[in-house]
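Student: Take this structure, written in structure tokens, and hold onto it; I'll ask about it next.
Numbering (UniProt numbering), first residue to last: 1 to 285.
Here is the structure:
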């Protein structure tokens, strides 16, 4: 009888040791498997509603834009669409040299492919003060004509992809400027703003963050026209968003050559316009 009790005690003690070790092993393997991106920190899950701000228990550590001070002056944002590699290789150093921060709109499906940025390069931009914004998954200009579920998938999956890579995702840029009442409703559900195309300045403080307009700059846009818009923003104390695509010395209708980009930045400097990020402007009350 005593020998039987000893055996049961031995089995019981073995279980008490084995089970915690097994649980610890599973926990360690889970941490190894997860590959936590830089800039993320552990956080308990909560009720996030429709906002997929938490993935695998981690959340992006974003800069604090609440300290931004607007003194009533005109503002300008330099917004680069589609995450072209030339934006990183050519435009980024030019802005950095002048102490300017840019904003980049990212179609997540393209990242890592030839002629586009990598995730590491996007993280480098964000680390150096740039704002990253969502630009859908596929950049399919016809997505607006699809059913509601497909539209929402473009919005949500692009946001999740940015989040997984430790990147910001607050503001949305619709591909090709396409918009509908249904899109606006869904963007309001998942993002803090919607950037369209339009062709105008934006009132300060922003009245409706889901109707942001831009002035598109391409190969055929005269420098004098760009400078006129800058002057109007300064004179009327409004917000000018300049939209760019490729920045390279190649014949591309939607792009700009390096010399023109440099002249545009010189004009910003000469007119003493304050270069800002969308998140900063949208923090103005």
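For every residue, glycine included, the Cβ atom is placed at its ideal position computed from N, Cα and C. These figures come from a predicted structure and were not determined experimentally.
Would you kindly check if the distance between the Cβ of residue 213 and the Cβ of residue 198 is under 8 Å?
Tutor: Result yes, Cβ atoms of residue 198 and residue 213 sit closer than 8 Å.
Student: Check the C-beta distance from residue 255 over to residue 219 and give it rounded, since I have them as a contact under 8 Å.
Tutor: Their Cβ separation, rounded to whole angstroms, is 6 Å, which keeps residue 255 and residue 219 in contact under 8 Å.
Student: By Cβ distance below 8 Å, which residues in the same chain neighbour residue 203 in space, the five residues on each side in sequence not counted?
Tutor: Cβ neighbours of residue 203 beyond the five flanking positions: 238, 239.
Student: Measure the beta-carbon distance from residue 133 to residue 172 and round it to whole angstroms, keeping in mind my assumption that it falls under 8 Å.
Tutor: Contact holds; Cβ gap of about 7 Å.
Student: Return the CA-CA distance between residue 200 and residue 262, expressed in angstroms with no decimal places.
Tutor: Distance between the alpha carbons of residue 200 and residue 262: 23 Å.
Student: For residue 159, is the classification buried or exposed, using 16 other Cβ atoms within 10 angstroms of its Cβ as the cut-off for buried?
Tutor: With 16 or more Cβ atoms within 10 Å of its Cβ, residue 159 is classed as buried.
Student: Between the beta-carbon of residue 78 and the beta-carbon of residue 113, is there less than 8 Å?
Tutor: It is not a contact, given that the beta carbons lie outside the stated cut-off.
Student: Could you tell me the distance, in whole angstroms, from the CA atom of residue 87 to the CA atom of residue 195?
Tutor: So the two alpha carbons sit approximately 19 Å from each other.
Student: Under 8 Å: do the stretch 107 to 121 and the stretch 150 to 168 share three or more Cβ pairs, one atom per stretch?
Tutor: Taking 8 Å as the limit for Cβ pairs, the verdict is that the stretch 150 to 168 does touch the stretch 107 to 121.
Student: Could you tell me the distance, in whole angstroms, from the CA atom of residue 217 to the CA atom of residue 247?
Tutor: Those two C-alpha atoms are separated by around 11 Å.
Student: By DSSP, does residue 216 sit in helix, in strand, or in coil?
Tutor: Strand.
Student: Taking 8 Å as the cut-off, decide whether the C-beta atoms of residue 175 and residue 140 are in contact.
Tutor: Yes, the pair counts as a contact, with Cβ atoms nearer than the cut-off.
Student: By DSSP, does residue 233 sit in helix, in strand, or in coil?
Tutor: Three-state DSSP puts residue 233 in a helix.
Student: Measuring CA to CA, which of 66, 117, 70 is closest to residue 85?
Tutor: Of the listed residues, the one whose Cα sits closest to residue 85 is 117.
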